[in-house]
Structures are given as structure tokens and as C-alpha cells.
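> Here the sequence shown stands for residues 1 to 390, numbered as in my numbering.
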Amino acid sequence: MKHIKFLLFAAICSAFTFTSCKKGDDTPATKPVITISDGATEGSYKVVVKSDSELTSVVIKTKAGSEEKTAVEAKTFSNPKEYTYEGTIEYPAKTYAAVVTVTASNKKELSNTQEKTITIPEPAVDPEAPVLYNFAVEFVKVSREAWNKNHAAGKIHQHTEEGGLIEDDVHYIPDEWSDPDDESKWTKFHVAGKTYNTCDMLEIGTRAFLMLEGFDAATKTSNGGWDGSETGWAYSKYPKLSPAATLTTEIPATHGYKWGQNPYNESGVTEVGDVVKANGGPIRMGDPKNGTVAGTPNVCRQDIMISYGMRHLIWPFDHDMVVSNMCGYNNATQRSQVNNEFFGNVCVKRYYMMLLGFFEYMLDNNLMDASSIPADQTFNCALFGNEKWD
Numbered sequence: 001m002k003h004i005k006f007l008l009f010a011a012i013c014s015a016f017t018f019t020s021c022k023k024g025d026d027t028p029a030t031k032p033v034i035t036i037s038d039g040a041t042e043g044s045y046k047v048v049v050k051s052d053s054e055l056t057s058v059v060i061k062t063k064a065g066s067e068e069k070t071a072v073e074a075k076t077f078s079n080p081k082e083y084t085y086e087g088t089i090e091y092p093a094k095t096y097a098a099v100v101t102v103t104a105s106n107k108k109e110l111s112n113t114q115e116k117t118i119t120i121p122e123p124a125v126d127p128e129a130p131v132l133y134n135f136a137v138e139f140v141k142v143s144r145e146a147w148n149k150n151h152a153a154g155k156i157h158q159h160t161e162e163g164g165l166i167e168d169d170v171h172y173i174p175d176e177w178s179d180p181d182d183e184s185k186w187t188k189f190h191v192a193g194k195t196y197n198t199c200d201m202l203e204i205g206t207r208a209f210l211m212l213e214g215f216d217a218a219t220k221t222s223n224g225g226w227d228g229s230e231t232g233w234a235y236s237k238y239p240k241l242s243p244a245a246t247l248t249t250e251i252p253a254t255h256g257y258k259w260g261q262n263p264y265n266e267s268g269v270t271e272v273g274d275v276v277k278a279n280g281g282p283i284r285m286g287d288p289k290n291g292t293v294a295g296t297p298n299v300c301r302q303d304i305m306i307s308y309g310m311r312h313l314i315w316p317f318d319h320d321m322v323v324s325n326m327c328g329y330n331n332a333t334q335r336s337q338v339n340n341e342f343f344g345n346v347c348v349k350r351y352y353m354m355l356l357g358f359f360e361y362m363l364d365n366n367l368m369d370a371s372s373i374p375a376d377q378t379f380n381c382a383l384f385g386n387e388k389w390d
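1) Going by DSSP, what residues sit across from residue 112 in a beta bridge?
2) At a cut of 8 angstroms, does the stretch 67–87 reach the stretch 118–125 through at least three beta carbon pairs?
3) Could one say the Cβ of residue 41 lies closer than 8 angstroms to chain B's Cβ atoms, at least one of them?
4) Residue 135 by DSSP, collapsed to three states: which one?
5) In whole angstroms, what is the alpha-carbon distance linking residue 280 and residue 303?
6) Check whether the Cβ atoms of residue 363 and residue 140 sit closer than 8 angstroms, and answer yes or no.
7) Of all the beta strand (DSSP E) runs that stay within the bounds of the stretch 59–93, which reach a length of 3 or more residues?
8) What does residue 98 pair with, by DSSP beta-bridge criteria?
9) In whole angstroms, what separates the C-alpha of residue 213 from that of residue 32?
10) Taking just the CA atoms, how far does residue 326 sit from residue 260?
11) If you draw a straight line from the alpha carbon of residue 353 to that of residue 376, how long is it in whole angstroms?
12) Since residue 391 and residue 107 should fall inside the 8 angstroms C-beta cutoff, what is the C-beta to C-beta distance between them, to a whole number of angstroms?
13) What is the DSSP secondary structure of residue 151, counted as helix, strand or coil?
14) Using the three-state DSSP reduction, which class does residue 55 fall into: helix, strand or coil?
15) Give the DSSP-derived three-state secondary structure of residue 37 in the structure shown.
16) Would DSSP call residue 326 helix, strand or coil?
17) Does the Cβ of residue 309 have 16 or more other Cβ atoms within 10 Å, making it buried, or fewer, making it exposed?
18) Which residues in the same chain have their Cβ closer than 6 angstroms to the Cβ of residue 208, if we skip the five residues on either side of it in sequence?
19) Here's the rule I'm using: 16 or more other beta-carbon atoms within 10 Å means buried, otherwise exposed. How should residue 123 be labelled?
20) Please state the DSSP three-state secondary structure of residue 312.
21) Residue 140 by DSSP, collapsed to three states: which one?
22) How would you write the range of the alpha helix (DSSP H) that residue 300 sits in, first residue to last?
23) If you measure between the beta carbons of residue 130 and residue 250, is that distance less than 8 angstroms?
24) Once the 5 residues before and after residue 368 are set aside, which same chain residues still bring their CB inside 6 angstroms of it?
25) Quick check: the Cα distance between residue 61 and residue 128, rounded to an integer number of angstroms?
26) Give a yes or no on contact between the stretch 315–326 and the stretch 92–99, applying the rule of three or more CB pairs nearer than 8 angstroms.
27) What residue does the alpha helix (DSSP H) around residue 30 start on, and which one ends it?
28) Please return the same chain residues whose Cβ sits closer than 7 angstroms to the Cβ of residue 77, not counting the five positions on each side in sequence.
29) Out of 178, 115 and 313, point me to the one whose CA is closest to residue 34's CA.
30) Report back the beta-carbon spacing between residue 258 and residue 199 to the nearest angstrom; my notes put them in contact at under 8 angstroms.
31) Out of 72, 104 and 93, which has the shortest C-alpha to C-alpha gap to residue 52?
32) Just to confirm, are residue 146 and residue 95 a CB contact at a threshold of 8 angstroms?
33) Can you name the start and end residues of the beta strand (DSSP E) that residue 194 belongs to?
34) Quick check: the Cα distance between residue 74 and residue 50, rounded to an integer number of angstroms?
35) Could you tell me if residue 357 is buried or exposed, where buried requires 16 or more neighbouring beta carbons within 10 angstroms of its beta carbon?
36) Is it true that the CB of residue 205 sits closer than 8 angstroms to the CB of residue 355?
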């Protein structure tokens with residue numbers, strides 16, 4: 001009996017000694033904890049994996065529509081107990097939801113899998129539809145990219161009565177006029193299966209702007225807007241469009257407009273603070289002190305744009321489809337109807353920038369029509385730029 005007790009005592013001591021001396025992972029046996037959240041930008045996500053014992057594997061997969069991708073397949077970790085990853089999902093056309101699946105394992109041979117659906121907002125309209133919304137998106141996006149990309153010294157000449165002012169080292173939007181011998185530089189736009197150049201976008205933008213303002217300009221081709229006289233201009237010569245167009249309205253047709261000889265021409269130079277009495281000097285609106293050298297502010301209003309658009313839209317049909325270089329307003333009350341707040345010339349290239357500023361404003365403010373835009377709202381119309389367009 002004593003022999004048996006001794007053996008039991010020895011066995012217990014041996015077991016205790018073995019257990020107390022054993023080396024290895026003595027952390028609790030728990031599965032990795034996985035957190036999936038929306039990222040900082042649209043369509044992005046963030047994954048955080050934490051584990052009490054060392055991680056051995058993390059696999060992150062995404063599925064958007066029928067497209068499945070493995071974003072991560074990690075087996076080594078700088079921090080063996082915590083792993084973080086941020087990614088962005090590429091959504092196929094007409095797909096606005098994707099599933100992120102994360103599987104993680106640790107040295108305890110325990111694993112966990114979590115899923116989360118990451119969504120992006122559906123567009124206001126079908127991105128392939130031939131409507132003004134898609135025109136506006138492409139017009140702003142491509143023009144902005146071209147402006148930021150193209151930066152040349154002595155490339156553009158802004159003509160004046162003194163013989164020409166060279167704008168050195170400026171950003172601009174290249175096209176058939178600025179780079180006639182290098183088609184690779186021409187800015188192209190693609191909307192609803194059609195390709196347009198800058199002059200096409202000028203025509204569409206003009207017609208669309210007037211339609212959004214409530215004027216029937218979709219098919220205007222005749223000289224019914226201005227009879228050539230100093231007092232012959234009247235808004236009534238463009239029939240009202242009721243209801244006014246929205247960004248879901250179909251894109252109007254183009255007619256092959258071409259740039260004129262000097263589309264940057266704003267002839268004449270005046271000092272800030274002077275009142276321009278004739279067609280001379282760059283755009284000046286409101287108090288000339290809000291401008292820069294020669295009174296050139298970088299903003300315009302809708303009333304100026306309406307008057308300009310109505311006049312220049314029909315000009316090409318009597319001039320071999322060549323766009324007028326500029327519009328001059330030497331009597332604001334009679335011809336621009338902006339209550340003596342604008343004087344001088346606006347070249348057609350600046351009007352392109354006015355349209356760009358208008359449609360950018362609509363998109364930035366998620367507007368589908370122009371009815372809520374204040375009458376005194378201003379839009380960017382900088383003709384050139386020395387800095388990138390934010």
C-alpha cells in the first residue's frame with residue numbers, strides 16, 4: 001500500500017513539474033476579431049484584424065457584380081497580432097454594391113470570416129444616356145483635366161489694339177485652334193457613344209445653358225436674335241421654353257462649329273476704374289475694382305451669359321459655321337441688359353470658361369435644374385491660369 005501511495009505521489013509531482021516547465025503559446029484560444037468599415041472615400045473600405053495569438057493568414061476578397069478579386073493574401077505580418085488594410089473597389093458599369101469578405105487564421109488554428117457590403121450612390125441618370133447631365137459631367141471633367149495637364153509658355157496670344165498681349169506660361173485647353181498641326185493634343189469628349197471636340201461642346205453648352213434658363217434654343221439656327229443694330233437685341237426673339245430644360249433633357253444636335261481666327265480676342269486695354277465707352281477692354285462686371293490688371297475679374301453672372309449666348313449661337317450660320325471671336329457690349333442698358341454693370345468685350349474662349357463654371361456649379365451643388373440658382377450667383381470664367389484648377 002505504501003508503495004502504491006509513493007508511486008501516486010511521484011506521478012503527481014512529475015506531472016506538476018512538467019506542466020510548470022512547459023514553454024509555448026499560453027494565450028487564450030480565441031478566434032481573430034475582424035472589423036470591416038467604409039473607407040474615407042466613395043467605394044473604399046478599411047479592414048482591421050486583431051488576434052490574441054499570432055496571425056498566420058489574412059485573405060481579403062471583393063465581389064462587385066460578376067467580378068471577383070483577391071485584394072490581399074497575407075501570411076507574414078510586421079505586427080503578428082494586428083493587421084490593417086485599406087482598399088478601393090472597382091465597380092463595373094451599372095453596379096453600385098460590392099461585398100468584401102475577410103478570412104483570418106491564427107496559431108491556435110482558429111479562424112474567422114466576416115463580410116460587409118460597400119455601396120456607392122447610383123448616378124442621377126443612366127451614364128450612357130444622351131442627356132445633359134452626362135454632357136455636363138464629361139464637359140467639366142475633361143476640360144479640367146486638359147487645363148491642369150497643359151501648361152505652355154508663349155502659347156496663347158490675347159490680341160489687343162496695341163498688337164497683341166502674349167500670356168506667358170499659362171494653363172489652357174488645347175484644341176484644333178491652339179495646336180492645328182498636332183491632333184494628338186486636341187481635347188476630345190465622349191458622351192453617350194459620340195465623340196465631340198471643344199467647338200462642339202461650346203455649341204452644346206450654349207444651347208443647354210439657354211434651355212436650362214427657359215429659352216427654346218435646342219434647334220435655333222436663324223438670325224432671329226440680333227438684327228445687327230445697336231438696339232435690336234431682345235430676349236423675346238428666343239421663344240420661352242416651358243417647362244425649362246433639366247439635366248435629364250436630351251443633348252441638342254451640333255452643327256460643325258469652327259473656331260475663328262482669334263478666339264482669344266478681347267481688343268482694347270483700359271485702366272481699372274475707367275468706364276469703357278466702346279468695344280474695348282476685357283470683361284468687366286460690377287465695380288471694376290474687383291478685377292485685376294485691365295479690370296479683368298474671374299467671375300460672371302447668368303444675365304451676361306444669356307445675352308452672349310443668344311447673340312453668338314446663331315452667328316456661325318451666316319459665317320460658314322465659324323464662331324464669332326467675341327461679343328462687344330458698348331451700351332450695357334441696350335445690349336447686355338445688365339444694368340450698366342458690364343462693359344468691354346468677351347471673347348468666345350472666355351465664354352467657354354463661363355459655361356464650364358456654370359455647369360461645374362450645378363454638379364457641385366447636385367442641381368438637376370437651374371431654377372434655384374440665385375440671379376446674382378457668379379461663376380468662374382478665368383481665361384487663362386497660372387495655377388492648376390482646384
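Glycine included, each C-beta is placed from N, C-alpha and C at the ideal position.
Checking against the coordinates, here is how it stands:
1) Working through the sequence shown from its first residue, we reach residue 112 at position 112. Note: residue 112 sits in a beta bridge opposite 104.
2) no
3) You won't find chain B in this structure, because it holds only one protein chain.
4) For the purposes of this step, residue 135 is taken as the residue at position 135 of the sequence shown. It is helical.
5) Taking the first residue of the sequence shown as 1, we reach residue 280 at position 280. Taking the first residue of the sequence shown as 1, we reach residue 303 at position 303. Note that residue 280 scores 46 on pLDDT, short of 50, meaning its location in the model is unreliable and no value can be drawn from it.
6) Counting from 1 along the sequence shown, the entry for residue 363 is found at position 363. Counting from 1 along the sequence shown, the entry for residue 140 is found at position 140. In this structure, residue 140 lies closer than 8 angstroms to residue 363 by Cβ.
7) 67–74 and 82–88
8) Reading the sequence shown from its first residue, position 98 is the one you call residue 98. DSSP, once it has assigned bridges, lists 64 and 118 as partnering residue 98.
9) Locating residue 213 in the sequence shown gives position 213, where the first residue counts as 1. Locating residue 32 in the sequence shown gives position 32, where the first residue counts as 1. The alpha-carbon atoms of residue 213 and residue 32 are separated by roughly 59 angstroms.
10) Along the sequence shown, one-based indexing puts residue 260 at 260. Along the sequence shown, one-based indexing puts residue 326 at 326. Near 10 angstroms, if we compare the C-alpha coordinates of residue 326 and residue 260.
11) Within the sequence shown, numbered from 1, the residue matching residue 353 stands at position 353. Within the sequence shown, numbered from 1, the residue matching residue 376 stands at position 376. So the alpha carbons of these two residues sit roughly 18 angstroms apart.
12) Any property of residue 391 remains undetermined from this structure, which presents the chain solely from 1 to 390.
13) Position 151 of the sequence shown, counted from the start, is the residue given in the question as residue 151. The answer is strand: DSSP assigns residue 151 an E or B state.
14) Mapped onto the sequence shown, residue 55 falls at position 55. If DSSP states are grouped into helix, strand and coil, residue 55 belongs with the strands.
15) Looking up residue 37 in the sequence shown gives position 37. In this structure, residue 37 counts as strand in the three-state DSSP scheme.
16) Along the sequence shown, read from residue 1 onward, the residue named residue 326 stands at position 326. In this structure, residue 326 counts as strand in the three-state DSSP scheme.
17) Counted from its first residue, the sequence shown places residue 309 at position 309. So residue 309 ends up on the buried side.
18) Here residue 208 corresponds to residue number 208 of the sequence shown, with the count starting at 1. Hits under 6 angstroms: 132.
19) Working through the sequence shown from its first residue, we reach residue 123 at position 123. So residue 123 ends up on the exposed side.
20) Position 312 of the sequence shown, counted from the start, is the residue given in the question as residue 312. Residue state, collapsed to three classes: helix.
21) For the purposes of this step, residue 140 is taken as the residue at position 140 of the sequence shown. DSSP places residue 140 in helix when its eight states are reduced to three.
22) Locating residue 300 in the sequence shown gives position 300, counting from the first residue. That residue, residue 300, is in no alpha helix (DSSP H); its beta strand (DSSP E) goes 299–301.
23) Sequence index remark: in the sequence shown, residue 130 carries index 130 (1-based). Sequence index remark: in the sequence shown, residue 250 carries index 250 (1-based). Going by C-beta atoms, residue 130 is nearer than 8 angstroms to residue 250.
24) Residue mapping note: residue 368 aligns to position 368 of the sequence shown, counting from 1. Only 246 and 247 meet the Cβ criterion.
25) The count along the sequence shown starts at 1 and reaches residue 61 at position 61. The count along the sequence shown starts at 1 and reaches residue 128 at position 128. Using only the alpha carbons, I get a separation of about 29 angstroms.
26) no
27) Walking along the sequence shown from the start, residue 30 turns up at place 30. Here residue 30 belongs to no alpha helix (DSSP H), and DSSP marks it neither H nor E.
28) Stepping through the sequence shown from its first residue, residue 77 is reached at position 77. The residues are 55 and 83.
29) Walking along the sequence shown from the start, residue 34 turns up at place 34. Out of 178, 115 and 313, 115 has the C-alpha closest to the C-alpha of residue 34.
30) As a working mapping, residue 258 is identified with position 258 in the sequence shown. As a working mapping, residue 199 is identified with position 199 in the sequence shown. Their Cβ separation, rounded to whole angstroms, is 6 angstroms, which keeps residue 258 and residue 199 in contact under 8 angstroms.
31) Translated into positions along the sequence shown, residue 52 becomes position 52. The shortest Cα separation from residue 52 among 72, 104 and 93 belongs to 104.
32) Sequence index remark: in the sequence shown, residue 146 carries index 146 (1-based). Sequence index remark: in the sequence shown, residue 95 carries index 95 (1-based). No, these two residues do not count as a Cβ contact at 8 angstroms.
33) Within the sequence shown, the letter at position 194 stands for residue 194. Residues 194–196.
34) In the sequence shown, the residue the question calls residue 74 occupies position 74. In the sequence shown, the residue the question calls residue 50 occupies position 50. Computed Cα separation, rounded: 14 angstroms.
35) Here the question's residue 357 lines up with position 357 in the sequence shown. Under this definition residue 357 is a buried residue.
36) Locating residue 355 in the sequence shown gives position 355, counting from the first residue. Locating residue 205 in the sequence shown gives position 205, counting from the first residue. For residue 355 and residue 205, yes; Cβs fall inside 8 angstroms.
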